[in-house]
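Numbers given in this note's numbering equal positions in the sequence shown, counted from 1, plus 1144.
Heads up: the structure comes next, in structure tokens.
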Amino acid sequence: MSELMRTSRIWARAGLLACGLLAAAAAASAQVKVGIVDLQKALQETAEIKQAEADLKARFGPRQEELAQLEREIAKLQQEAQTNQDKYTEAAMSELINRIQLKQRQYQRNSEALQDAVNRERQDILQRVGQRFREVLKKVAEEKGLDMIIDASNLLYSKPALDISADVTAAYDKAYPVKK
């Protein structure tokens, strides 16, 4: 019986210790101030990113329109080949198919070049803005007395009151106003 009592006491002490540790952890976590930021949304809402997207559209819009025109030409030639398949000689059909293939290769090259150029520009913008954004996040955290800021994309749930995305976007726009 004494062995059973000793084991019971050990388990009781372990249980009390565990409860104490849980209570201490709960008290410590209650003191941690957390802010939640939807980084993607907050970045996209900055005036600088909106301006950069508008600049990209203006800069690369003509090339995009050239691609669209080339795509229409390819579709027209393909339609011509399909509807006149029985009317054209073998040589004429072969020449038409060669023109289609040439335009398709041109479209592919131009499309890849455009996509590469746009991606490089976006990467440069995001790198510049991302570095500034981290500085603003730190400043907002210090102003609000936050111990930690968590990206909303990694959360399953948080109280809406913890979301500081709009505050961070406003602070960014204030710190880095867009030159018009």
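Glycine is no exception: its CB is placed at the ideal position from the N, C-alpha and C atoms.
Status (buried if at least 16 other CB within 10 Å, exposed otherwise) for residue i
i	result
Leu1300	exposed
Glu1192	buried
Gly1274	exposed
Ala1285	buried
Asp1291	exposed
Asp1260	exposed
Ala1310	exposed
Ile1308	buried
Ile1241	exposed
Ala1236	exposed
Leu1246	exposed
Ala1186	buried
Where residue i sits in the DSSP three-state scheme
i	result
Ile1180	strand
Ala1257	helix
Ile1294	strand
Asn1263	helix
Ser1302	coil
Thr1233	coil
Glu1189	coil
Ala1315	helix
Pro1206	helix
Tyr1320	coil
Gly1289	coil
Asn1228	coil
Cutoff 8 Å: residue i Cβ touching any chain D Cβ
i	result
Lys1282	Included in the structure is just one protein chain, with no chain D present.
Opposing strand residues paired with residue i [DSSP bridges]
i	result
Asp1307	Ile1180
Reference residue i, options the options, closest by Cα
i	options	result
Glu1287	Val1312, Ser1302, Pro1304 and Ile1294	Val1312
Ala1319	Ala1261, Ser1255, Leu1306 and Lys1282	Lys1282
Val1178	Asp1317, Leu1200, Gln1223 and Asp1295	Asp1295
Pro1321	Lys1220, Met1292, Ile1293 and Ala1196	Ala1196
Val1262	Arg1203, Lys1220 and Ile1180	Arg1203
Val1181	Asp1317, Ala1314, Ile1269 and Leu1306	Leu1306
Val1176	Ser1309, Gly1289 and Asn1298	Gly1289
Lys1323	Glu1234, Lys1194 and Gln1188	Lys1194
Ala1315	Pro1304, Glu1279, Ser1297 and Asn1298	Glu1279
Arg1243	Leu1258, Leu1270, Lys1303 and Gln1223	Gln1223
Heavy atom of the ligand MG within 7 Å of residue i beta-carbon
i	result
Arg1243	In terms of ligand content, the structure shown is empty, and the ligand MG therefore cannot be addressed.
- [ ] Kindly confirm or deny that the region 1215–1224 and the region 1240–1251 touch, where touching means at least three C-beta pairs closer than 8 Å.
- [x] Contact holds: three or more Cβ-Cβ distances are below 8 Å.
TODO: Would you check if the region 1221–1235 and the region 1199–1208 touch, i.e. whether three or more CB-CB distances between them fall below 8 Å?
DONE: By the C-beta criterion, the region 1199–1208 is judged not to be in contact with the region 1221–1235, since fewer than 3 inter-stretch pairs fall below 8 Å.
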